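Each remark here refers to the structure printed beneath this line.
Here's what the structure looks like:
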């Protein structure tokens, strides 16, 4: 009998793969699409699949073929985690939709919030400084980033950056640098040896390595351009605080709050730039979907919000006309003027709210117990273990890439 998994998180990349002939005399190489599969909770490595192409259909079929010969089953899956590319999240034929159709049941869409956090920064850079060209950026700022690590310190205007307390032992070199340079930008104080540290190689698939040189360029620029100041302020006020927020609170129950905080932090921008970034936030605000928001509300420290969540869940259960096998996962239009994450959804009455898959087996009595004391609930303990990011998958992808060479 196969064991059912609750959550499937996946990611992949094209790897150059080396093969040795049967007679051990020839080595050949080819590029393969490797999709790494992780079971959540527990971040258990399941394996990887090779897809003949990067299309949603081929990747989906490769995943299904994997589980047909695996000791694990997708039969009772309730959550999927991946990045927000259209291959994964397409409303009609994305991989998640295909998985839902395969098991004939809805699944939580836990789309990586670290990936979502990168997208507004990427669009802001492209809007102010132009698109990337090959491995490099095309604009004045982008070109200056290529060699900023050797520039001397300049007198610059500090920008307040609010950073959480975090153990440096869990930070990689690039993230360690980001933490330190943010403190430098915020206080104007740093060890002279810091300027000799490298901000990291610019890689467009990892926008954290773009944030580092942006801040490094700023602290070495006597008279920064308006565009550079806009980028630095956004990195300091939005990108960096949200990156560390997702890193320190990495579970799905914080997802709606992370989305709300991103919106609130970006309200300082002028209308023209909000018009550029708000659609990006809207398109990628997957944790603002009612199924995910209700998980956050159910674990809110305010009892009144937990009561509201339970009332809504019970109401959904009583509306049998909403109990379709597979609902269409459509994001509501968010209220960007909301003062609380609960109010991001402009009207719960007009939007078709469906029950959260993680709660489908939870009794009404258990829901009422959560209202009384959520901190000791076994239901909440299980829900809290599902990540709102795909960092465990990223680590496994790196290992698979290294083993392919």
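In our numbering, the protein residues as written are 581 to 985.
Idealized CB from N, CA, C, for every residue including glycine.
This structure is a prediction, so every number in the text was calculated from the model and none was measured.
Beta-carbon proximity check, residue i vs residue j, cutoff 8 Å
i	j	result
residue 592	residue 615	yes
residue 811	residue 708	yes
residue 1033	residue 757	This structure cannot speak to residue 1033, because the chain is shown only from 581 to 985.
residue 892	residue 933	yes
residue 911	residue 865	yes
residue 876	residue 834	yes
residue 926	residue 913	yes
residue 594	residue 626	no
residue 586	residue 658	yes
residue 613	residue 634	yes
residue 733	residue 704	no
residue 960	residue 879	yes
residue 906	residue 684	yes
residue 728	residue 743	no
residue 790	residue 781	no
residue 584	residue 656	yes
Supposed close pair residue i, residue j - CB separation, criterion 8 Å
i	j	result
residue 589	residue 972	7 Å
residue 779	residue 792	4 Å
residue 671	residue 938	Contact doesn't hold; Cβ gap of about 22 Å is too wide.
residue 799	residue 741	About 12 Å; that fails the 8 Å criterion.
residue 822	residue 845	7 Å
residue 815	residue 795	6 Å
residue 931	residue 843	Not really, about 18 Å apart at Cβ, beyond 8 Å.
residue 949	residue 894	Going by Cβ atoms, the distance from residue 949 to residue 894 rounds to 14 Å, so no, they are not a contact pair.
residue 690	residue 832	5 Å
Neighbourhood of residue i by C-beta distance below 6 Å, restricted to the same chain and skipping five residues each side
i	result
residue 723	none
residue 890	947 and 951
residue 887	951
residue 693	826, 838, 968 and 969
residue 674	636 and 668
residue 647	654
residue 642	629 and 631
residue 918	924
With 16 other Cβ atoms within 10 Å as the buried cut-off, status of residue i
i	result
residue 869	buried
residue 850	exposed
residue 941	exposed
residue 681	exposed
residue 753	exposed
residue 668	buried
residue 663	buried
residue 771	exposed
residue 923	exposed
residue 962	exposed
residue 852	exposed
residue 976	buried
residue 979	exposed
residue 738	exposed
residue 749	exposed
residue 745	exposed
residue 601	Only weak support exists for where residue 601 lies, its pLDDT of 48 falling under 50; the value from the coordinates is given anyway. Exposed, because fewer than 16 other Cβ atoms sit within 10 Å of the Cβ of residue 601.
residue 908	exposed
residue 957	buried
residue 954	buried
residue 769	exposed
residue 624	exposed
Same chain, Cβ closer than 8 Å to residue i, five either side skipped, listed in chain order
i	result
residue 735	802
residue 751	759
Counterpart residues of residue i in DSSP-defined beta bridges
i	result
residue 629	615
residue 583	652
residue 620	587
Contacts around residue i, its chain only, beta-carbon distance under 7 Å, and the 5 residues preceding and following it disregarded
i	result
residue 897	935
residue 714	Note that residue 714 scores 49 on pLDDT, short of 50, meaning its location in the model is unreliable; the coordinates nonetheless yield the value given after this. Excluding sequence neighbours, residue 714 sits near nothing in its chain.
residue 882	none
residue 638	631 and 632
residue 582	651, 652 and 653
residue 686	680, 906, 907, 934 and 937
residue 695	663 and 664
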